[in-house]
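Shown next, in structure tokens, is the structure this report addresses.
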Amino acid sequence: MTEVPFLDVGAAYTELKPELDAAYHRVMESSSFILGAEVAAFEEEFARYCETSHCVAVGNGLDALHLILRACDIGDGDEVIVPSHTFIATWLAVSYTGATPVGVEPDRGTMNIDAARIADAIGPRTRAIIPVHLYGQPAAMSDMRSLARQHGLRLIEDNAQAQGARSDGSRTGSLSDAAATSFYPAKNLGAFGDAGAVTTNDADLADRLRMLRNYGSRQKYGHEVQGLNSRMDELQAAFLRVKLRRLDEWNERRRRVADAYIAAFARLDGLELPVVLPNVEPVWHLFAVRHPRRDELKHRLADMGIATMVHYPTPPHLTGAYHTEKPAGGQFPIAEEISAAELSLPIGPHMTKRQVDRVIAAVTEAVTSLG
Ligand SMILES: *Cc1c(COP(=O)(O)O)cnc(C)c1O
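The C-terminal position of the sequence shown is numbered 371 in the numbering used here, with every residue numbered one higher than the one before it.
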């Protein structure tokens, strides 16, 4: 029996039931179900939250990334720099446009893309850099901003895991030409189904994105380009408006769990903790530790009732989606090393102090016995 689940997504409904039920009834009685008043209100509220002038709501996080690239006219023959260590969506969004994802290795401490390695990957076809704020920690944006400016590249954040985080005091989602985010239920700001969004300060990009998400159409049945159907539902927007009001508080609860783990594990031999840069405020989407005998550690914790996950067991270049295109193993040794050692401990806004203490005791016991 699992004593500590990895994440209790159902607890959001328990905590917010009256407000979510009211949102549901409001939408059902409105007879407006896609891109209506709730979506418009959410776009305004999420833009304000991210400190950007525009938000364009779309169907999911993968589409948000893909549509930004399309809006920037990136496609066939182009190259886009992506982290070698990320969720595969970052790579797939590039491939869907016809461009080629070019992996760059992470920094071993933060596990985010290593800005110092990017210059070597820039070539004549490079058009953009997509850093991912992985596990909820902002990537080194100021270094990448100067690189992008110097080489005339677009800078695009993958902000799916870091809603509410700050870097040098500014919100993620506002640190680049445009940022994609995902409201997949398990994200820090999760919907009750699929949804995503783009945030940007660029009015022209926002305008193109609104057209692209809706069949390339600005006017009903006028189709300027081959756009997509990637629109947000009114129900999801209404639910997200309720949850957005709790995001800072829920991120703060995650931070308290992370602080307890860091304090407890700081001197635990063999367990490697994530390095947090001094200029950032992470939002702890995941708490990613590393251990040389990760699989054994995972099994022992499972035996003690602690659910854990691996993010991610296979780096994108070794998956079936990509390994045929280039020599497989060894191309990104740091990403491969992290995939082999990473273990995500339970973290979330609804963990009780008792559950946090259970995880700390179990991890301490398992790591000590593994030696
Ligand atoms: C979740 C996620 C996405 C994709 O979001 P979906 O809404 O599932 O399409 C993209 N990038 C990263 C880093 C993610 O974690």
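Even for Gly, the Cβ is constructed at its ideal location relative to N, Cα and C.
For clarity, every value in this text was computed on a predicted model and none was experimentally measured.
Once DSSP output is grouped into helix, strand and coil, what is the label at F287? Here residue 287 refers to the residue found at position 287 when the sequence shown is read from its first residue. Strand, per DSSP.
Could you give the distance in angstroms between the alpha-carbon of S142 and the alpha-carbon of N279? Taking the first residue of the sequence shown as position 1, residue 142 is located at position 142. Taking the first residue of the sequence shown as position 1, residue 279 is located at position 279. Roughly 11 Å between the two C-alpha positions.
F265 and V359: beta carbons closer than 8 Å? For the purposes of this step, residue 265 is taken as the residue at position 265 of the sequence shown. For the purposes of this step, residue 359 is taken as the residue at position 359 of the sequence shown. Not a contact, by the Cβ cut-off of 8 Å.
Give me the Cβ distance between L65 and A89, rounded to the nearest whole Å; I'm assuming they're in contact under 8 Å. Taking the sequence shown and counting its residues from 1, one reaches residue 65 at position 65. Taking the sequence shown and counting its residues from 1, one reaches residue 89 at position 89. About 7 Å; that satisfies the 8 Å criterion.
Excluding the five sequence neighbours on either side, which residues of its own chain have a C-beta within less than 8 Å of the C-beta of R293, listed in chain order? Numbered from its first residue, the sequence shown carries residue 293 at position 293. Once the five neighbours on either side are set aside, the close Cβ partners of R293 are L370.
Determine the direct distance from the alpha carbon of V242 to that of P18, and round the result to whole angstroms. Taking the sequence shown and counting its residues from 1, one reaches residue 18 at position 18. Taking the sequence shown and counting its residues from 1, one reaches residue 242 at position 242. So the two alpha carbons sit approximately 10 Å from each other.
Can F87 be considered in contact with ligand 2, in the sense that its beta carbon sits closer than 7 Å to one or more heavy atoms? With respect to small molecules bound, the structure shown includes ligand 1 and not ligand 2.
Inspect the beta-carbon positions of M232 and A195 and report whether they are closer than 8 Å. Numbered from 1 along the sequence shown, position 232 holds the residue referred to as residue 232. Numbered from 1 along the sequence shown, position 195 holds the residue referred to as residue 195. Cβ atoms of M232 and A195: closer than 8 Å.
How should H285 be labelled, buried or exposed, when 16 other C-beta atoms within 10 angstroms of its C-beta is the threshold for buried? Mapped onto the sequence shown, residue 285 falls at position 285. Burial state of H285 is buried, judged by a 10 Å Cβ sphere holding 16 or more other Cβ atoms.
Under 8 Å between C-beta atoms, does L277 make it to chain C? In summary, chain C is missing from the structure at hand, where a single protein chain is found.
Nearer than 7 Å: is that true of the beta carbon of Y184 relative to any heavy atom of ligand 1? Taking the first residue of the sequence shown as position 1, residue 184 is located at position 184. For ligand 1, a non-hydrogen atom lies closer than 7 Å to the CB of Y184.
Exposure label - D177; buried when at least 16 CB within 10 Å: Position 177 of the sequence shown holds residue 177. The residue in question, D177, is buried, as its Cβ has 16 or more Cβ neighbours within 10 Å.
Could you spell out the range, first to last residue, of the beta strand (DSSP E) harbouring G196? Start at 1 with the first residue of the sequence shown, and residue 196 comes out as number 196. Run containing G196: 196 to 200, per the beta strand (DSSP E) assignment.
Determine the DSSP secondary structure at R70, reduced to helix, strand or coil. Counting from one through the sequence shown, the residue named residue 70 turns up at place 70. Here R70 sits in helix by DSSP.
Count the CB pairs spanning the stretch 158 to 176 and the stretch 184 to 198 that are closer than 8 Å, and state whether there are at least three. Yes, they touch.
Helix or strand or just coil, what does DSSP make of A89? Translated into the one-based positions of the sequence shown, residue 89 becomes position 89. In this structure, A89 counts as helix in the three-state DSSP scheme.
Does ligand 1 have even one heavy atom less than 7 Å from the beta-carbon of K187? Locating residue 187 in the sequence shown gives position 187, counting from the first residue. Checking the 7 Å criterion, the Cβ of K187 is within range of a heavy atom belonging to ligand 1.
Can you look up G103 in the DSSP assignment and give me helix, strand or coil? As a working mapping, residue 103 is identified with position 103 in the sequence shown. The three-state reading of DSSP puts G103 in strand, counting E and B together.
Taking a contact to mean a Cβ-Cβ separation below 8 Å, would you say V82 touches G103 in this structure? What you label residue 82 is simply residue 82 of the sequence shown in a count that begins at 1. What you label residue 103 is simply residue 103 of the sequence shown in a count that begins at 1. Contact annotation: V82 and G103 have beta-carbon atoms nearer than 8 Å.
Per DSSP, which residues does S167 bridge with? Please list them. Here residue 167 corresponds to residue number 167 of the sequence shown, with the count starting at 1. S170, V280.
Using a threshold of 7 Å, is the CB atom of A288 nearer than that to any non-hydrogen atom of ligand 1? Position 288 of the sequence shown holds residue 288. Because no heavy atom of ligand 1 lies under 7 Å away, the Cβ of A288 does not count as near it: no.
Measuring alpha carbon to alpha carbon, tell me which residue in A116, S95, D248 is nearest A165. In the sequence shown, counting from the first residue as 1, residue 165 sits at position 165. Taking only the C-alpha atoms, the option nearest A165 is D248.
Measure the Cβ-Cβ separation of I338 and M28 and say whether it is below 8 Å. Reading the sequence shown from its first residue, position 338 is the one you call residue 338. Reading the sequence shown from its first residue, position 28 is the one you call residue 28. Going by C-beta atoms, I338 is not nearer than 8 Å to M28.
I'd like the list of long-range same chain contacts for L16, defined as Cβ closer than 8 Å, with 5 residues on each side in sequence excluded. Along the sequence shown, one-based indexing puts residue 16 at 16. Exclusion of the five residues before and after L16 leaves V242, K243, R246 as the residues of its chain whose Cβ lies within less than 8 Å of its Cβ.
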